[in-house]
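One structure below.
Chains as they are written, first to last, in the working numbering: chain A, 24 to 302; chain B, 24 to 302.
What follows is the structure, given as structure tokens:
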């Protein structure tokens, strides 16, 4: 297939690299250096000079843009799509994106909303790496306007990229569970780093637990501030639930409740161990 | 040197394996299968039948026991130490351990309190791995009773094991910073898993951020419940500080404060990136 990538950052670049072996990859980025770099590295086959040139050349187009930019970009360029084209978004929030796109949909093209649950705490195509998709989770959010064929194309491209699980969810379900697994974990990681009182040379006293819990604090701030705000209601509710759990551990600690702590730890261990059985 | 290991779990086994190339390793564990396994795997040279037999044969003895067991074990067996022997503990809390040991110290032997800030979310000698020490942090907590020679021996053995930084701290300093880098991160990880409402098949919707933040929830409950309680005051204060940071992020989210969020994220990213410059 002829695959188009709009936005050659870490994700766009990784998708390009993952599909390159079996497809022809066209790419457009507002920064021409990104596509030039990707071309030189063999991650893409063609650099499009304009979105219109890319749209004219591709069967499936991945819009790898910041959440708030997706709808505006689509509205501006939807007229240039050829009939039968499938557009795919990859944003980490779904209801807000779908709301923004819906008014601009064309009946003779398809828009499939999806979320590859993978990434790295790096910015830019120079860090593109198709290995981040290996065995990872991919979520597709079908809409009533989608044809089964378009959905199947996007799911099967995800499997080609290396994703292990491809799951359909509604937009509401997606935003509810992702607020927990993704946005909450980022708020927490940032809060851990933020709560360092600076009294010590912290780097000399950390182990892998601190490293692992704070790695994602090396965050893409413009991207994640949008992801937080576009999923605000769910994220606030997950912060509340987390705080309730934290309070419960704190109360046991305050009460010297050794048995209670052990029980709660053992239960958390059991649940976490079950999550990726066999992985 | 003749090195003794009391308690052949993950940490005792890893220390044995790390020192084995250049030292003679004796080990004792209440479960004879642990030492038999380690002997068969070539992690140790000799299996001691009793603590007394081990004490009689070694120059430096690592007590790799749960925090609350260290003092009791030491009190019971201190009489069997040969003059000049150095005992070393490796617990993740220090003031409580030192308080427990101090009354039983012998003038003709040394007890060096230390904390290798390394580990894995696994239990038992079968998971022993000297690689977990590579480039890691090691803390030594000198007491007025320690000779410079004993402290230097323990620090240089830590470097031999592969540790990158060996730093001296007071017990109070150790417990303050470790409550933040280690015990707090474990409470948080457990709370994330605990706050899963079970509405979704969570494993299909997680990425590396969730995996990394919850890996240490696969916890050794008996060990960590003791570590929490033995450092309760510091841990409670670090939970408070963390909650303050979380509240600040939450308030910005509630107020749709995009600029504030980006600023706070950028600052956390800067601080986290500085932590391990060049690592």
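Note that CB positions come from ideal geometry on N, CA and C, so glycine has one too.
- Excluding the 5 residues flanking it on each side, residue 141 of chain B has same chain C-beta neighbours closer than 7 Å at 155, 156 and 159, in chain order.
- Residues of the segment 245 to 272 of chain B whose Cβ lies closer than 8 Å to any Cβ of chain A, in chain order: 245, 247, 248, 249, 251, 252, 255, 258, 259, 261, 262, 264, 265, 266, 267, 268, 269, 271 and 272.
- The C-beta separation of residue 108 of chain A from residue 84 of chain A comes to about 6 Å, placing the pair in contact by the 8 Å criterion.
- Listed along chain B are 230, each with a C-beta nearer than 7 Å to that of residue 159 of chain A.
- Boundaries of the beta strand (DSSP E) harbouring residue 160 of chain A: 160 to 164, taken from the DSSP string.
- Under the Cβ distance rule, residue 89 of chain B does not count among the residues neighbouring chain A, no pair being separated by less than 7 Å.
- With distances taken between CA atoms, residue 55 of chain A lies nearest to A:147 out of A:97, A:147 and A:224.
- Counting the other CB atoms within 10 Å of its CB gives residue 53 of chain A a total below 16, which places it among the exposed residues.
- By the rule that beta-carbons nearer than 7 Å mark a contact, residue 85 of chain B does not touch chain A.
- Inclusion of residue 226 of chain B and residue 299 of chain A in the CB contact set at 7 Å is warranted, their separation being smaller than that value.
- Within the DSSP bridge table, the entry for residue 190 of chain A names A:162 as partners.
- Neighbours of residue 135 of chain B in chain A, taken as residues at a C-beta separation under 9 Å, are lacking, since the least C-beta distance is about 18 Å.
- Cβ neighbours of residue 283 of chain B within its own chain (closer than 6 Å, five residues either side excluded): 275.
- Per DSSP, residue 232 of chain A lies in no beta strand (DSSP E); the unbroken alpha helix (DSSP H) holding it starts and ends at 231 to 237.
- Straight-line spacing of the CA atoms in residue 131 of chain A and residue 111 of chain A works out to 15 Å.
- When CB distances to chain B are screened at a threshold of 9 Å, the residues of the segment 209 to 230 of chain A falling below it are 209, 210, 211, 212, 213, 214, 215, 216, 217, 218, 219, 220, 221, 222, 223, 224, 225, 226, 227, 228, 229 and 230, in chain order.
- As the crow flies, the alpha-carbon of residue 247 of chain B is around 37 Å from that of residue 185 of chain A.
- The alpha carbon of residue 221 of chain A has as its nearest neighbour, out of B:79, B:297 and B:221, the alpha carbon of B:297.
- At a cut-off of 7 Å between beta-carbon atoms, residue 126 of chain B makes no contact with chain A.
- Measuring C-alpha to C-alpha distances from residue 41 of chain A to each of A:152, A:192, A:78 and A:29 identifies A:152 as the nearest.
- For the set B:99, B:193, B:63 and B:143, the Cα lying nearest the Cα of residue 205 of chain B is the one of B:143.
- Excluding the 5 residues flanking it on each side, residue 86 of chain B has same chain C-beta neighbours closer than 8 Å at 29, 30, 93, 96, 97, 110, 111, 112 and 113, in chain order.
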